[in-house]
Every structure is written in structure tokens, then in C-alpha cells.
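S.K.: One structure, as C-alpha cells, below. Some questions next.
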Amino acid sequence: MEIPDWLAHLSVDNRGRPVPYVNRWGSEKGELLTIRHDPHVGGPAIFCDDEHETEPDFKAQNMQRQRECVAAGLCQVCARPIPWSRRFLVISGMSVEWVHVQTLGRTVPVVTEPWLDERCARFAMERCPGLIRRARKAELTLVPIRRQKDTQLVVSRGWVEGELEEASRELEPAMWCKIALPKLTIRKGPRGTGAGTGAGTERDTADPAR
Ligand SMILES: [Zn+2]
């Protein structure tokens, strides 16, 4: 695959495909998970230390990079910061969750796929197997999100099975940073698998700090 200049810094898989920044490497192994402080959520969070893994899993996002992309406004593919004037989200009926946001007092559409800049969005919709597999190509819609006030950050917290079960039940670490879109008009569809949370459980809470 020919890799555009602006993605030349990304790692490639064994078939030469660029691997988006947010992608998880390796399979979901409990031993890669730790709980540490994450400044992007201002508290304990689950990290998947996958930097020594050699095979990307195009169907999954890495938790700490997903939170970083959403909270810091980075493009999920190239990891560059995107100004509000140029942010997009890829939205599909399958990838939208409906979450009750207490501060809004109602159920609103929420996405877990982080931001994209326009060129990466177009590239990803055509070429990135991860995004396509996570959000069914036929239904993908590229939606410009231009103002921070049209969004609200939602942090999911939860626990994971295995070695971290006791600690994660006690600490309720952050898992994913999601983007609530109270103004988006979208029909309710079947809930998709989204980023996938792995074993354990999570609940969504609106982040009062933002
Ligand atoms: Zn990008």
C-alpha cells in the first residue's frame, strides 16, 4: 500500500499497512493491563502497555491512546492535534451508544471513535480496515464537529477481570473517553460493539470538569 506523506511516521503492519495511532497492538491480554494515573482524566485509569507487541489488532483501540485522542483533541490516525474548526467524527448507527448524561438530564448519542482530521478521515474511510470493521463501512457518515460546546466528554469507568479485578473494583479506573453529542440528530439503532471493553464492566459518567 502506498502510504501518504503525512502518515509516514506511523508504524506499519507486516503487510505494509499504516497502523492508526489509536490502534491496539497485540491481543487483549490481561497481563498488559495496569492501573495508573492518567492526566487526561485526572485520576486512575486502565492502561494497556502494548508497545512491545508486534501485531496490530485493527478491530480494537488502545485505551490510553483512545483517551488521549479524545481528551487532547488528537487525530486518531495521525495523532496530530486538530483545531475545533477542523474536527470530524465518523458516525454510524452501529457505533453510536445512547447514554444518559446526568448533567443534561436525558439520553444522548455518544461515540467512542476519537476525532479525525479531514484527510485522515477520508483516507481511513477508504483504506483503514480498523475503522471500517469497527463501524461498518456502508453506514459511515463523516460529521463535522465545530464547537466544543456541542460536545461533552463522558468517561467510562469500570472493572476488569483477572489480576486487576480487586484493584479495579475498588478504584473504578477510567476506561474510555467518549464524546457525547447532545445536538446530533441520529436515529436510534442497535447498539454496536464500539471499541469493545473486554471482560468486566463499565459505566459512563459525564466528566464534570469539562
Ligand atoms: Zn490525522
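Residue numbers (my numbering): 12 to 221. Yeah, the Cβ is synthetic: ideal placement off N, Cα and C, and Gly gets one too.
Please report the residue range of the beta strand (DSSP E) in which Gln-72 lies.
M.R.: Start and end: 67-72.
S.K.: Using the C-alpha atoms, what's the distance from Arg-26 back to Ala-206?
M.R.: The predicted model places Ala-206 with a pLDDT of 40, which falls under 50 and marks its position as unreliable; any figure quoted below should be read in that light. So the two alpha carbons sit approximately 23 Å from each other.
S.K.: For ligand 1, I want to know if Arg-133 counts as a neighbour, meaning its beta carbon is within less than 7 Å of at least one of the ligand's heavy atoms.
M.R.: No, the beta carbon of Arg-133 sits no closer than 7 Å to any heavy atom of ligand 1.
S.K.: Taking Cβ positions, are Tyr-32 and Ala-90 nearer each other than 8 Å?
M.R.: Cβ atoms of Tyr-32 and Ala-90: closer than 8 Å.
S.K.: Enumerate in chain order the residues of its own chain whose CB-to-CB distance from Met-74 is below 7 Å, with the five nearest sequence positions on each side excluded.
M.R.: Taken in chain order, the residues that qualify are Ile-57, Phe-58, Cys-59, Met-186 and Trp-187.
S.K.: Determine the DSSP secondary structure at Glu-108, reduced to helix, strand or coil.
M.R.: In this structure, Glu-108 counts as strand in the three-state DSSP scheme.
S.K.: Excluding the 5 residues preceding and the 5 following Pro-67 in the sequence, name in chain order all residues of the same chain whose CB lies nearer than 6 Å to its CB.
M.R.: Asp-24, Val-30, Asn-34 and Trp-36.
S.K.: May I ask which residues mark the beginning and end of the alpha helix (DSSP H) holding Ser-179?
M.R.: Looking at the DSSP string, the run of the alpha helix (DSSP H) that includes Ser-179 is 176-182.
S.K.: Helix, strand or coil for Arg-221 per DSSP?
M.R.: For Arg-221, the predicted structure reports a pLDDT of 41, less than 50, and the residue's modelled location is therefore unreliable. A value from the coordinates is still provided. It is coil, neither helix nor strand.
S.K.: At which residues does the beta strand (DSSP E) containing Cys-131 begin and terminate?
M.R.: Counting along the chain, Cys-131 falls outside any beta strand (DSSP E), though it belongs to the alpha helix (DSSP H) covering 129-138.
S.K.: Check the C-beta distance from Ala-19 over to Val-121 and give it rounded, since I have them as a contact under 8 Å.
M.R.: That belief does not hold up - the Cβ atoms of Ala-19 and Val-121 are roughly 33 Å apart, past 8 Å.
S.K.: What does the alpha-carbon distance come out to for the pair Gly-209 and Gln-159?
M.R.: Low confidence applies here, because Gly-209 scores a pLDDT of 40, under 50, leaving its location unreliable; read the following figure in that light. The alpha-carbon atoms of Gly-209 and Gln-159 are separated by roughly 30 Å.
S.K.: Nearest-angstrom Cα distance between Val-6 and Pro-50?
M.R.: Nothing about residue 6 can be reported from this structure: the residues present for the chain run from 12 to 221 only.
S.K.: May I ask you to report which of helix, strand or coil DSSP gives Val-122?
M.R.: The answer is strand: DSSP assigns Val-122 an E or B state.
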